[in-house]
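*Asks:* Would you mind keeping the following structure in view while I ask a few things?
Residue numbers (our numbering): 16 to 209.
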């Protein structure tokens with residue numbers, strides 16, 4: 016079973032700013048959400064052992080810590096999409112110069128391409144399948160959406176179909192050998208999302 020945990024809320028996730036390489040701390044609400052996500056994971060997983068991998072960004076590592084997870088490995092493979100020149104900008108700001116821009120349909124100048132992030136996600140999926148036990152990945156919104164797409168054999172652009180809130184948990188598995196999204200964007204205990 017693969018469990019995805021998106022990092023808790025940050026000021027930029029709240030404002031809609033694209034946060035790839037920038038290291039930014041969790042807000043107090045983000046810290047509370049990470050703790051609640053840990054409770055949710057313990058409820059969902061029980062005491063089964065798991066391999067825990069995290070993005071190296073502070074917001075992901077801190078989410079793992081607050082969730083009570085012991086990270087086995089920190090890896091750039093789980094880093095957020097590299098937005099290049101659009102780092103720190105919101106979609107409305109980008110659309111001032113590139114009408115109808117989305118990360119799913121347009122390039123990020125000097126950033127990561129959809130093909131590159133699809134390849135990176137496929138690499139993570141292959142590694143997870145080789146581990147042979149439960150895996151918990153702590154990462155980011157856009158990359159996790161691409162990873163879910165890769166899990167079911169789709170490219171990065173398919174990620175537009177999935178929504179992931181800060182500190183939300185998703186579960187990926189298989190049904191008789193067919194990749195499956197078992198649960199998507201489960202809010203941390205006590206959290207409600209509009």
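Glycine included, C-beta positions come from ideal geometry on N, C-alpha and C.
1. Going by DSSP, what residue range makes up the beta strand (DSSP E) through residue 68?
2. Under the rule that 16 or more other beta-carbon atoms within 10 Å means buried, what is residue 201, buried or exposed?
3. Enumerated in chain order, which unbroken segments of the beta strand (DSSP E) with a length of 3 residues or greater are wholly contained in the stretch 134–172?
4. In the structure shown, what three-state DSSP assignment does residue 193 receive?
5. Judging by CA-CA distance, which residue of 162, 176 and 26 is the nearest neighbour of residue 134?
6. Answer yes or no: the CB of residue 75 versus the heavy atoms of the ligand HEM, is any distance below 6 Å?
7. Can you tell me which of the three DSSP states residue 101 falls into?
8. So, does the stretch 108–128 touch the stretch 165–181, judging by three or more C-beta pairs under 8 Å?
9. In this structure, what does DSSP give as the bridge partners for residue 89?
10. Rounded to whole angstroms, what's the CA-CA distance from residue 19 to residue 166? Just pull it up for me.
11. When you compare the CB positions of residue 98 and residue 53, do they come within less than 7 Å of one another, or not?
12. Please state the DSSP three-state secondary structure of residue 60.
13. As a quick exercise: from 39, 64 and 33, pick the residue whose alpha carbon is nearest that of residue 210.
14. Would you tell me roughly how many angstroms separate the C-alpha atoms of residue 207 and residue 102, rounded to the nearest one?
15. Might you give, ordered along the chain, the residues of its own chain that have their beta carbon closer than 8 Å to the beta carbon of residue 193, omitting 5 neighbours on each side?
*Replies:* Taking the coordinates as given:
1. 65–69
2. buried
3. 149–154
4. strand
5. 162
6. Here there are no bound small molecules, and the ligand HEM is not part of this structure.
7. helix
8. yes
9. 69
10. 12 Å
11. no
12. helix
13. The structure shown does not extend to residue 210, since the chain is modelled only from 16 to 209, so the question has no answer here.
14. Legend: pLDDT at residue 207 = 47, less than 50; position of this residue unreliable, value from coordinates given subsequently. Cα-Cα distance, rounded: 28 Å.
15. none
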